[in-house]
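Colleague:
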Amino acid sequence: MYISQLSISNFKSFHRANIKLRKFNVLIGANAAGKSNLLQLFKFIRDISQFGLENAISLQGGNEYLRNINLKRGNNIVGLGLKFDILKEYGIKRNTKIGILEAKLKNFYYTFKIKLNLKNNTYYVIKDELTAGLHFIEYKKDNKTFDYGTANLYINLLKNSYEINFKSKLKKIEANELFPTLPDMQKFLNERIHKSLIIESPLIYTFPFEKIAYFMKNISMYDFDTRLPKKATQFLGKAELEENGENLAIVLRKILSDIEKRRAFFNLVNNVLPLIENIEVKSFLDKYLQFLIEESFAKGQFIPSSMISDGTIFIIALIIAIYFENKPCAIFEEPERRIHPYLISKIIDMMRDASSNKQIIISTHNPEAVKHADIENLLLISRNERGFSTIDRPAEIEQIKVFLKNEIGIEELYVNNLLKL
Amino acid sequence: MPKEKIYLFVEGNDDEIFFRKLITPILSKYYKNIEIIKYAQMKKDKVNLFLLSIRTLNFDYLFFADKDEYLSIKQKKEKLSEKFEQLAKENIIIVVLEIESWYLAGLDETASETLHINYFTNTDNLSKEDFNRLYHGRFNSRIDFIYEIIKLYVIEKAKQKNKSFSYFYNEYIH
Ligand SMILES: Nc1ncnc2c1ncn2[C@@H]1O[C@H](COP(=O)(O)OP(=O)(O)OP(=O)(O)O)[C@@H](O)[C@H]1O
Ligand SMILES: [Mg+2]
Chain A
798 MYISQLSISN
808 FKSFHRANIK
818 LRKFNVLIGA
828 NAAGKSNLLQ
838 LFKFIRDISQ
848 FGLENAISLQ
858 GGNEYLRNIN
868 LKRGNNIVGL
878 GLKFDILKEY
888 GIKRNTKIGI
898 LEAKLKNFYY
908 TFKIKLNLKN
918 NTYYVIKDEL
928 TAGLHFIEYK
938 KDNKTFDYGT
948 ANLYINLLKN
958 SYEINFKSKL
968 KKIEANELFP
978 TLPDMQKFLN
988 ERIHKSLIIE
998 SPLIYTFPFE
1008 KIAYFMKNIS
1018 MYDFDTRLPK
1028 KATQFLGKAE
1038 LEENGENLAI
1048 VLRKILSDIE
1058 KRRAFFNLVN
1068 NVLPLIENIE
1078 VKSFLDKYLQ
1088 FLIEESFAKG
1098 QFIPSSMISD
1108 GTIFIIALII
1118 AIYFENKPCA
1128 IFEEPERRIH
1138 PYLISKIIDM
1148 MRDASSNKQI
1158 IISTHNPEAV
1168 KHADIENLLL
1178 ISRNERGFST
1188 IDRPAEIEQI
1198 KVFLKNEIGI
1208 EELYVNNLLK
1218 L
Chain B
12 MPKEKIYLFV
22 EGNDDEIFFR
32 KLITPILSKY
42 YKNIEIIKYA
52 QMKKDKVNLF
62 LLSIRTLNFD
72 YLFFADKDEY
82 LSIKQKKEKL
92 SEKFEQLAKE
102 NIIIVVLEIE
112 SWYLAGLDET
122 ASETLHINYF
132 TNTDNLSKED
142 FNRLYHGRFN
152 SRIDFIYEII
162 KLYVIEKAKQ
172 KNKSFSYFYN
182 EYIH
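If you read the sequences in order, they're chains A and B.
Everything in the first sequence is counted per this note's numbering, starting at 798 for the first residue and increasing by one.
Everything in the second sequence is counted per this note's numbering, starting at 12 for the first residue and increasing by one.
(1) Tell me whether A:Ser1093, by its Cβ, gets closer than 7 Å to a heavy atom of ligand 2.
(2) Between which residues of its own chain and A:Asn914 is the CB-CB distance below 8 Å, once the five residues before and five after are set aside?
(3) Does at least one heavy atom of ligand 2 sit under 7 Å from the Cβ of A:Glu1130?
(4) Spell out whether any CB of chain A is found under 8 Å from the CB atom of B:Lys168.
(5) Where does A:Leu1082 land, buried or exposed, given buried means 16+ other C-beta within 10 angstroms?
(6) Name the two residues that bound the continuous alpha helix (DSSP H) containing A:Asn1064.
(7) Would you list, in sequence order, the uninterrupted beta strand (DSSP E) runs of no fewer than 3 residues that lie entirely inside the stretch 881-953 of chain A?
(8) Who pairs with A:Val875 in a beta bridge, going by DSSP?
(9) Can you confirm whether B:Glu159, when its beta carbon is compared against all beta carbons of chain A, has any partner nearer than 8 Å?
(10) With a threshold of 8 Å between beta carbons, is A:Ala1151 in contact with chain B?
(11) Taking 7 Å as the cut-off, does the CB of A:Asn1214 come closer than this to any heavy atom belonging to ligand 1?
(12) For A:Asn1154, go through chain B and note every residue whose CB falls closer than 8 Å to its CB, in chain order.
(13) Please confirm if B:Lys55 has its CB atom under 8 Å from at least one CB of chain A.
(14) Applying the criterion that 16 or more other CB atoms from any shown protein chain within 10 Å of the CB defines a buried residue, is B:Gln86 buried or exposed?
(15) Hey, would you say the C-beta of A:Ser833 is under 7 Å away from at least one heavy atom of ligand 2?
(16) Measuring only between beta-carbons, confirm whether B:Asn24 sits less than 8 Å from chain A.
(17) Is it a yes or a no for the stretch 1034-1041 of chain A touching the stretch 1144-1151 of chain A, going by three-plus beta-carbon pairs under 8 Å?
(18) Who are the near neighbours of B:Tyr114 in its chain, counting only those whose CB is closer than 6 Å to its CB and skipping five residues on each side?
(19) Cutting at 6 Å between CB atoms, please list the residues of its own chain near B:Thr35, excluding the five before and the five after it.
(20) Residues bridged to A:Lys817 by DSSP?
(21) With DSSP as the reference, label A:Val1048 as helix, strand or coil.
(22) Taking buried to mean at least 16 other C-beta atoms within 10 Å of its own C-beta, is A:Phe1094 buried or exposed?
(23) My output table needs one value for A:His1169: the three-state DSSP class, helix, strand or coil.
(24) For my contact list, A:Ile1090 and A:Gly1108 are in at a C-beta cut-off of 8 Å; report their separation, rounded to the angstrom.
(25) Opposite A:Tyr959 in the DSSP bridges: which residues?
(26) When DSSP labels each residue in this structure, what does A:Glu1133 get in the three-state scheme?
(27) Beta-carbon within less than 7 Å of A:Phe1200's beta-carbon, same chain only, minus the 5 sequence neighbours each way: which residues are those?
(28) Tell me whether A:Ser1222 counts as near ligand 2, meaning its Cβ is closer than 7 Å to at least one heavy atom of that ligand.
(29) Decide if B:Gly117 is buried, meaning its Cβ has at least 16 other Cβ atoms within 10 Å, or exposed.
(30) Which residues in chain A have a C-beta closer than 8 Å to the C-beta of B:Ile48? List them in chain order.
(31) What beta strand (DSSP E) runs, 3 residues minimum, are completely inside the stretch 40-125 of chain B?
(32) Within its chain, find whatever has a CB closer than 7 Å to the CB of B:Thr125; leave out the 5 residues flanking it on each side and keep chain order.
(33) Return the chain-ordered list of same chain residues with a C-beta closer than 7 Å to the C-beta of A:Leu835, the five sequence neighbours on each side being excluded.
(34) Thinking just about the alpha-carbon of each residue, which of B:Ile103, B:Tyr178, B:Lys49 is nearest to the one in B:Lys88?
(35) Quick check: is the beta carbon of A:Asn1203 nearer than 8 Å to any beta carbon in chain B?
(36) So with Cβ pairs under 8 Å, would you call B:Asp155 a contact of chain A?
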């Protein structure tokens, strides 16, 4: 599953923006254009589902900085719309009164709007709507199937309560039979009406919404601090890679102890770091873990992580984040900062490769990255005449195609600041 | 006595892996240094300047290019030498259809079984798309798949299963 469309209103430097996303997305644009602000939007969504709306707003600097400060103070509604597309079709089968019924997920839409009160730093949710597009098939006893077509299941905030709406050709059964958790979810939402969002409800983790809930909660925004993995880590720690990479040794140990993962890991490392012959994770004092690297030039000699180059640590962490972490969406700010220009095209290739299993979003200032990313994956962020951040797809700008046809590379247009035109 | 240096011009990263991992070890009998240049993302003029410099320095070079489906090998060579005036036709080797066909050519029946993919007796007509359809399921990564192919690669097999590879090998390596 991935976010295929995003509409933003009044978030940080954005006023109104509407953009299609792909599985691999490369954000480019001038300094202060709004790239990091756009990435913050994904963190905001993640924070809402992890910590709740109130905390998520605080983490963005409170009401004052969540909205666009260039707009008049009366303009205090922040809104967001997301469309999710499903890559691998999935669904559930339930035994109902009429027989076995299968519900297959097609897509999701989620929209919310929050009205901010700048005087007393409170907020009021004014729109909150989640839709799942479902395709229903009935399996009859004689092995025949009946196709009911698609229908939408809505959870929608009305003035004073949440409504659940399900219009389909399946007149004989009720939504409740297929989705037994909905009444409890409705009750939960009604108790917190206008203060929290649908995606904060614990019951969102049940069919048909569990995938979207899981997606939002697990958006990862990596920012590796290469000094941290150089130190030994405590034995007991999270088995998933921390966003700053500090527990790299623990994660490496898990990967290296699994034959299949170990095999794939060394293939991928070898693609960009051919000098690495082997990696070992050692424990000491029964309490700490450290990893060591053996280089092909010095077989049998293991170099401890404290002496490994920053770029090496960064690339190892990056490979793990994109290929081995079970996260639906991985975000990196300027991941090419520590990478030799020759390797950038390979790293971009690997991200494209890994994006068949997860959505990847990066920002970059690097011409090599722009050159190798495929123009379709580029998103150009810039400020318009009123100072608002806007998003364009260079691939869809006709004039750009003419330059490209004449062998002027996308990276040349980019370096000369001519992409927008 | 091995010669000083040879430059291999290849299209992109997947080609670079093929030549670095599978061809460089063979060529290192004949050359002290083997350099690989990826030219697909390079301007025409840059490629010409690279070629000019290499010819001036009197180093050997080979220029590999995929055959586009609508062209014959001869037509493709014509097209390339028109585009790159510094490129000598005898140094051009056309990869048919694309590097993916050369990767799959080196797999014997056991290797294909190990990788859980179909066995092909001939890969002259296999395309990138065919290749991409193969690895899903067993592998999460195309790059991982490529490196597994390399581990099982048999050059002799590749010569039997792909005409253009066999031509390259017999004409330029023996
Ligand atoms: N709440 C806000 N309202 C309006 N504008 C804002 C708000 N918060 C930040 N900005 C503007 O956004 C700019 C920062 O944008 P951002 O950090 O996304 O830039 P960037 O594209 O990542 O640039 P760089 O390449 O330099 O990292 C700030 O300079 C400020 O002008
Ligand atoms: Mg930034």
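Heads up, the beta-carbon is just placed ideally off N, CA and C, and yes, glycines get one too.
Modeller: Reading it off the structure:
(1) Flag unset: Cβ of A:Ser1093 not near ligand 2.
(2) Residues Asn860, Asn873, Tyr920, Tyr921 of the same chain have their beta carbon placed closer than 8 Å to that of A:Asn914, with the five preceding and five following residues left out of the count.
(3) Result yes, Cβ under 7 Å from ligand 2.
(4) For B:Lys168, no Cβ of chain A is located within less than 8 Å of the residue's own Cβ.
(5) Taking a 10 Å sphere around the C-beta of A:Leu1082, we find fewer than 16 other C-beta atoms and assign the residue as exposed.
(6) Looking at the DSSP string, the run of the alpha helix (DSSP H) that includes A:Asn1064 is 1056-1069.
(7) If we require 3 residues or more, the beta strand (DSSP E) runs fully inside the stretch 881-953 of chain A come out as 888-893, 896-914, 919-936.
(8) Checking the DSSP bridge columns, you'll see A:Val875 partnered with A:Ile911.
(9) Closer than 8 Å: yes.
(10) Chain B contact via Cβ: present.
(11) Taken from the Cβ of A:Asn1214, every heavy atom of ligand 1 lies 7 Å or farther away.
(12) Under the 8 Å cutoff, chain B gives Asn151.
(13) Taking 8 Å as the threshold, the shortest C-beta distance from B:Lys55 to chain A falls below it.
(14) Label assigned to B:Gln86: exposed.
(15) For ligand 2, a non-hydrogen atom lies closer than 7 Å to the CB of A:Ser833.
(16) Residue-level contact check: B:Asn24 touches chain A, since one or more beta carbons of chain A fall below 8 Å from its beta carbon.
(17) Judged by Cβ distances under 8 Å, the stretch 1034-1041 of chain A makes no contact with the stretch 1144-1151 of chain A, as fewer than three pairs qualify.
(18) So the list reads Ile160, once near-sequence residues are dropped.
(19) So the qualifying residues of the chain are Ile45.
(20) Partner(s): A:Gln802.
(21) Correct three-state label for A:Val1048: helix.
(22) Under the 10 Å beta carbon count, A:Phe1094 is surrounded by fewer than 16 other beta carbons and is classified as exposed.
(23) In this structure, DSSP gives A:His1169 a helical state, which the three-state scheme calls helix.
(24) Contact between A:Ile1090 and A:Gly1108 does not hold, since their C-beta atoms are separated by about 13 Å, which reaches or exceeds 8 Å.
(25) DSSP, once it has assigned bridges, lists A:Leu954 as partnering A:Tyr959.
(26) Helix.
(27) Sequence-distant Cβ neighbours of A:Phe1200 in its own chain, meaning closer than 7 Å and more than five residues away, are Leu1210.
(28) Residue 1222 of chain A is absent from the model: chain A starts at 798 and stops at 1218.
(29) B:Gly117 comes out buried.
(30) Within chain A, not a single residue places a beta-carbon under 8 Å from that of B:Ile48; the smallest gap is close to 11 Å.
(31) Listed in chain order, they are 42-49, 71-77, 103-106.
(32) Once the five neighbours on either side are set aside, the close Cβ partners of B:Thr125 are Leu163.
(33) In its chain, beyond the 5 residues on either side, Leu824, Ile1178 have a beta carbon closer than 7 Å to the beta carbon of A:Leu835.
(34) Across the set B:Ile103, B:Tyr178, B:Lys49, the C-alpha of B:Ile103 shows the shortest separation from the C-alpha of B:Lys88.
(35) No - not a single Cβ of chain B is within 8 Å of the one on A:Asn1203.
(36) It does: the Cβ of B:Asp155 has a partner Cβ on chain A nearer than 8 Å.
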